[in-house]
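Numbering (this note's numbering), first residue to last: 9 to 207.
The structure appears below as structure tokens.
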Ligand SMILES: [Zn+2]
């Protein structure tokens with residue numbers, strides 16, 4: 009899956025990893041303040057998700073924020089055994105259930121976007137039948153500036169796009185207010201995956 013259903017008048021803004029606790033917190037506060045609908049693909053190994061679970065939980069409960077499975081600790085799934093793939097998703101599934109009280113299935117995002125038929129089959133065996141990729145990126149998995157991130161958003165925040173961002177480096181924090189304004193200027197709604205796809 010790389011795009012939203014034809015004619016969807018907005019974007020799915022997805023946020024991965026959680027290497028920075030400050031960025032996870034900034035995203036949670038941004039969502040609470042602006043009502044922006046987000047999907048987080050969490051790696052349970054990152055303490056940021058547990059540290060800010062109290063902030064995120066009400067947003068998850070209301071459905072404004074959705075949680076997806078990005079594996080426990082971000083390996084290239086194509087390099088793991090079938091059992092290894094299942095273990096990565098299952099361990100993170102249990103973390104998500106315990107921390108946020110939700111079932112993240114069927115959406116998983118393979119780290120680095122690396123997946124193939126064998127990965128997809130192993131993931132489906134543990135209920136993760138939908139690899140959720142993207143069409144457009146904020147390119148902030150590495151340490152870039154807020155201005156650069158806003159530039160990528162100007163390029164990719166367009167109707168029907170699934171956009172990938174990362175909660176990893178501080179440049180993202182400074183970009184958030186500007187990204188909110190950009191959505192407003194373009195009249196773009198934000199959608200979680202459950203808003204636009206039926207499970
Ligand atoms: Zn990732």
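From the three backbone atoms N, C-alpha and C, an ideal C-beta is built for every residue, glycine too.
With a cut-off of 8 Å on the beta carbons, I'd call residue 19 and residue 165 a contact; round off their distance for me. Reading the chain shown from its first residue, position 11 is the one you call residue 19. Reading the chain shown from its first residue, position 157 is the one you call residue 165. Between residue 165 and residue 19 the Cβ distance is about 6 Å, and since that is below 8 Å, they are a contact.
For residue 24, is the beta carbon positioned less than 8 Å from some heavy atom of ligand 1? Start at 1 with the first residue of the chain shown, and residue 24 comes out as number 16. Flag set: Cβ of residue 24 near ligand 1.
Have a look at 101, 46 and 134 and flag the residue whose alpha-carbon is nearest the alpha-carbon of residue 81. One-based indexing of the chain shown puts residue 81 at position 73. Nearest of 101, 46 and 134 to residue 81, Cα basis: 101.
Does the distance from the CB of residue 174 to the CB of residue 144 come in under 9 Å? Taking the chain shown and counting its residues from 1, one reaches residue 174 at position 166. Taking the chain shown and counting its residues from 1, one reaches residue 144 at position 136. Not closer than 9 Å, so no.
Straight-line CA distance for residue 111 to residue 104? In the chain shown, counting from the first residue as 1, residue 111 sits at position 103. In the chain shown, counting from the first residue as 1, residue 104 sits at position 96. Their Cα atoms are separated by approximately 7 Å.
With burial defined as no fewer than 16 other Cβ atoms inside 10 Å of the residue's Cβ, what is the status of residue 66: buried or exposed? The count along the chain shown starts at 1 and reaches residue 66 at position 58. That one is exposed.
Would you report the Cα separation of residue 185 and residue 33, rounded to the nearest angstrom? Stepping through the chain shown from its first residue, residue 185 is reached at position 177. Stepping through the chain shown from its first residue, residue 33 is reached at position 25. Their backbone Cα atoms lie some 14 Å apart in a straight line.
Taking Cβ positions, are residue 151 and residue 160 nearer each other than 9 Å? In the chain shown, the residue the question calls residue 151 occupies position 143. In the chain shown, the residue the question calls residue 160 occupies position 152. Not a contact, by the Cβ cut-off of 9 Å.
Reduced DSSP category for residue 20 - H, G, I as helix; E, B as strand; rest coil: Residue 20 sits at position 12 when you count from the first residue of the chain shown. Of the three classes helix, strand and coil, the one that applies to residue 20 here is strand, per DSSP.
Contact belief for residue 49 with residue 117 at Cβ below 8 Å, rounded distance in angstroms: By one-based count along the chain shown, residue 49 stands at place 41. By one-based count along the chain shown, residue 117 stands at place 109. About 4 Å; that satisfies the 8 Å criterion.
Whole-angstrom distance between residue 10 and residue 142, CA atom to CA atom: Residue 142 sits at position 134 when you count from the first residue of the chain shown. Residue 10 sits at position 2 when you count from the first residue of the chain shown. Near 4 Å, if we compare the C-alpha coordinates of residue 10 and residue 142.
Pick out whichever of 28, 62, 54 and 14 has its Cα sitting closest to the Cα of residue 40. Locating residue 40 in the chain shown gives position 32, counting from the first residue. If we check each option's Cα against that of residue 40, 62 comes out closest.
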